[in-house]
Amino acid sequence: MELRKGSIIPDQPEADQTLNETVDTTEAVTETPVENESKTVTKESLLQSLSDIAELEAENIAADKVALIKQQFYMIHNEEIKAAKEAFVGAGNAPEAFVAQADPDEEKLKEILNAIKAKKGQLRERQEAEQQRNYERKLEIIKELDIVSNDTDNVNRHYPKVKELQTEFKSMGEVPPQHAAAVWKAYQEAVERFYDQWKVNKELRDYDFKKNLSEKQLLVDEAQKLVEEKDVITAFKRLQELHEKWREIGPVAKELREEIWSQFKDASAVINKRYQAFFEERKNRERENEMAKTALCERLEALDLNAPASFAAWDDMTKQILQAQEDWKKLGFASKKANNALFARFRAICDDFFARKAAFFKQMKDTHAENLAKKTALCEQAEALKDSTDWKQTTDKLIALQKEWKTIGTVAKKHSDAIWNRFLAACDYFFEQKKKNASGTRKTEQSNLAIKQDIIAQLKALNSADDKTPRNEAIKQLHELRNKWQNTGHVPFKEKDKLHETYRVVVGELFDKLDIHENKAKISSFESSINEMEGDENKLYRERERLLRAYENRRNELHTYENNLGFFNSRSKNGDSMLREMQRKMQRIKEDLSQLEKKIEIIDSKLS
Numbered sequence: 000m001e002l003r004k005g006s007i008i009p010d011q012p013e014a015d016q017t018l019n020e021t022v023d024t025t026e027a028v029t030e031t032p033v034e035n036e037s038k039t040v041t042k043e044s045l046l047q048s049l050s051d052i053a054e055l056e057a058e059n060i061a062a063d064k065v066a067l068i069k070q071q072f073y074m075i076h077n078e079e080i081k082a083a084k085e086a087f088v089g090a091g092n093a094p095e096a097f098v099a100q101a102d103p104d105e106e107k108l109k110e111i112l113n114a115i116k117a118k119k120g121q122l123r124e125r126q127e128a129e130q131q132r133n134y135e136r137k138l139e140i141i142k143e144l145d146i147v148s149n150d151t152d153n154v155n156r157h158y159p160k161v162k163e164l165q166t167e168f169k170s171m172g173e174v175p176p177q178h179a180a181a182v183w184k185a186y187q188e189a190v191e192r193f194y195d196q197w198k199v200n201k202e203l204r205d206y207d208f209k210k211n212l213s214e215k216q217l218l219v220d221e222a223q224k225l226v227e228e229k230d231v232i233t234a235f236k237r238l239q240e241l242h243e244k245w246r247e248i249g250p251v252a253k254e255l256r257e258e259i260w261s262q263f264k265d266a267s268a269v270i271n272k273r274y275q276a277f278f279e280e281r282k283n284r285e286r287e288n289e290m291a292k293t294a295l296c297e298r299l300e301a302l303d304l305n306a307p308a309s310f311a312a313w314d315d316m317t318k319q320i321l322q323a324q325e326d327w328k329k330l331g332f333a334s335k336k337a338n339n340a341l342f343a344r345f346r347a348i349c350d351d352f353f354a355r356k357a358a359f360f361k362q363m364k365d366t367h368a369e370n371l372a373k374k375t376a377l378c379e380q381a382e383a384l385k386d387s388t389d390w391k392q393t394t395d396k397l398i399a400l401q402k403e404w405k406t407i408g409t410v411a412k413k414h415s416d417a418i419w420n421r422f423l424a425a426c427d428y429f430f431e432q433k434k435k436n437a438s439g440t441r442k443t444e445q446s447n448l449a450i451k452q453d454i455i456a457q458l459k460a461l462n463s464a465d466d467k468t469p470r471n472e473a474i475k476q477l478h479e480l481r482n483k484w485q486n487t488g489h490v491p492f493k494e495k496d497k498l499h500e501t502y503r504v505v506v507g508e509l510f511d512k513l514d515i516h517e518n519k520a521k522i523s524s525f526e527s528s529i530n531e532m533e534g535d536e537n538k539l540y541r542e543r544e545r546l547l548r549a550y551e552n553r554r555n556e557l558h559t560y561e562n563n564l565g566f567f568n569s570r571s572k573n574g575d576s577m578l579r580e581m582q583r584k585m586q587r588i589k590e591d592l593s594q595l596e597k598k599i600e601i602i603d604s605k606l607s
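Counting from 0, one number per residue, gives the positions in the sequence shown under numbering that gives the first Met the number 0.
See the structure below:
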């Protein structure tokens, strides 16, 4: 297919799109083409296909098919709007006066899509309700297992009941994802506690352990064979199935548990590493394509579309645009998230250029006076901002003014240098003042660094084996140094993590050395305040509700950090710093949760 001037073929070779087509719709149009160009596709046939899908059960509705039909519909819909607009303008009307007529087919499309969405929502609600019921029942099973485990005198008699509970637990469906790991861990611990207590019928127990060991060994063997599987995706999916089976199998002899699990875990780690490497490689390719496409966009965005003032200049810039389009066609996909946005960005640049070129060839009007007025206004705004000390906000505003300046066309030559120098002088003055201020900030940070290094040196001296300071005096000095640390300002960013880690370690050692238990002191103080409320149940209940709300909030924070940590991938010093900071926050939250649990237990003891 030959590429005409002002057009571009998107990443998919089947698509018949051009960059200089205007898409007048709020719906996203991607680069994905119609599946089969040889088959005539109409809005009516697409609506019928979508209606057929809407009649299916929610479990059988494929989201990708629905998305494809929607995309194809809007490609036709946008072409109709474009044709109508061209006809409107061809009739002598102003383009900006064109208003697209309402499309009944589009309304029908939205109705069907809403119906499909409602079906999917109902399915999701049913699944979530079923998961919640499973979760509640599994908690009951775990509680029953705990009860029989504690009845050590009759543990042998409870064996059939435990087997029934295990069978019921394994036969039940999924629980909410956020509870899955915790429920499974609690179940495993409850079962293992029972078997650890079960000493009477050792022969039967050993047989069960042996059978479970045999089954788990088979899973280990299968996992080790998967290491050689060439299809990484198949190996990973099969591994997930093996893990599900592993969970369904009961415990093995206590002395073999760690060994058999280590074998299974090691094989799993190899497969998971290959799986991660596979996606990392694909992600790297997509990142390279994204960078290349971004560079193409930036290359065109760097062109001053207001600059050409002659036919030769416009022809020269046209060659640059067409070359960029050829370069674009040679590139593969970027990430799904970025690809459509980059294509829209690139297409917008090309559309803008060819629209400007068409306007230039039709009409050459002198806009220098208007451009001078716009640039004068920007100069006035920059001059009004140049003495500001709100460095961040003013920097953003001046950068925005500079970007806006680039979008304004040329002015008369006699004004060009003067207006530019005026604007540049205002910007340069502000950034020079900002630079001087930043220099002062760095000096302050260096001073704070010296203070904190001195604090650490004093702490280390207090912690040394040669130090003979009495305990009470040492504790006093420790608290004074900690207060001084807290009251000292920021240090240079690159020193922050290393300095904080050194401080944390030496303070922890001093806490151990001086036998300081802050948490115990806090709990003791809380218990004293609760004792004062004893007899007033209303106050106790209100305090308990407050603690429960605080507990739930902190637990939600912990879940958020744990989820984010699963997707976190550090590749730089800054990334490592962020990871360590996140881990520190998670540890603090866990400590808070432990204290909150103890406080709630104290109140419960007063209410019982």
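Glycine residues also receive a C-beta, built at the ideal position from the N, C-alpha and C atoms.
This structure is a prediction, so every number in the text was calculated from the model and none was measured.
Consult DSSP for residue i and reduce its assignment to one of helix, strand or coil.
i, result
"residue 326", "helix"
"residue 156", "coil"
"residue 348", "helix"
"residue 219", "helix"
"residue 110", "helix"
"residue 100", "coil"
"residue 230", "coil"
"residue 409", "coil"
"residue 384", "helix"
"residue 240", "helix"
"residue 208", "helix"
"residue 334", "coil"
"residue 40", "coil"
"residue 89", "helix"
"residue 454", "helix"
"residue 248", "coil"
"residue 375", "helix"
"residue 83", "helix"
"residue 4", "Annotation note: pLDDT 33 at residue 4 (below 50); position unreliable, coordinate value reported separately. Coil, per DSSP."
Assuming residue i and residue j form a contact by the criterion Cβ under 8 Å, report the distance between their Cβ atoms to the nearest whole angstrom.
i, j, result
"residue 526", "residue 490", "Their Cβ separation, rounded to whole angstroms, is 39 Å, which puts residue 526 and residue 490 out of contact at 8 Å."
"residue 52", "residue 40", "That pair is no contact at about 15 Å."
"residue 418", "residue 374", "5 Å"
"residue 547", "residue 598", "With a Cβ gap of about 10 Å, residue 547 and residue 598 do not count as contacting."
"residue 466", "residue 460", "6 Å"
"residue 180", "residue 222", "In fact, because the Cβ distance is near 20 Å, the residues do not count as touching under 8 Å."
"residue 196", "residue 148", "5 Å"
"residue 57", "residue 119", "6 Å"
"residue 44", "residue 111", "About 13 Å; that fails the 8 Å criterion."
Leaving out five residues on either side along the sequence, give the residues of the same chain with a beta carbon under 8 Å from the beta carbon of residue i.
i, result
"residue 501", "455"
"residue 250", "187, 190, 191, 194, 208, 211 and 256"
"residue 175", "127, 130, 131 and 134"
"residue 603", "543"
"residue 532", "538, 539, 542 and 605"
"residue 498", "448, 451, 452, 455 and 490"
"residue 300", "348"
Tell me which same chain residues have a C-beta within less than 7 Å of the C-beta of residue i, skipping the five on either side of it?
i, result
"residue 298", "323"
"residue 304", "351, 352 and 355"
"residue 380", "400"
"residue 579", "496"
"residue 377", "400, 403, 404 and 422"
"residue 104", "42 and 46"
"residue 217", "none"
"residue 470", "513"
"residue 168", "137, 140 and 186"
Starting from the C-beta of residue i, find all residues in its chain whose C-beta is less than 6 Å away, skip the five residues before and the five after it, and write them out in chain order.
i, result
"residue 156", "none"
"residue 509", "462 and 477"
"residue 345", "296"
"residue 338", "332"
**Q.** Stretch-stretch touch, CB-based, cutoff 8 Å, three pairs: the stretch 272-292 with the stretch 386-396
**A.** no
(Q) I'd like to know if the stretch 180-200 and the stretch 126-140 are in contact, where contact means that at least 3 CB-CB pairs between them fall below 8 Å. (A) yes
Q | At least three beta-carbon pairs within less than 8 Å, the stretch 265-277 to the stretch 218-236 | A | yes
Q. Whole beta strand (DSSP E) runs in the stretch 477-558 with 3 or more residues, listed along the chain?
A. none
Q: Please confirm if the stretch 550-562 is in contact with the stretch 583-599, defined as three or more CB-CB distances below 8 Å between the two stretches.
A: yes
Q: Decide if the stretch 329-344 is in contact with the stretch 279-286; the criterion is three or more beta carbon pairs, one per stretch, under 8 Å apart.
A: yes
Q. Okay, do the stretch 61-76 and the stretch 102-117 touch, 3+ Cβ pairs below 8 Å being the bar?
A. yes
Q | Unbroken stretches of the alpha helix (DSSP H), 4 residues or longer, contained in the stretch 118-181 | A | 158-170
Q. Which residue spans inside the stretch 263-323 form an unbroken alpha helix (DSSP H) run of at least 4?
A. none
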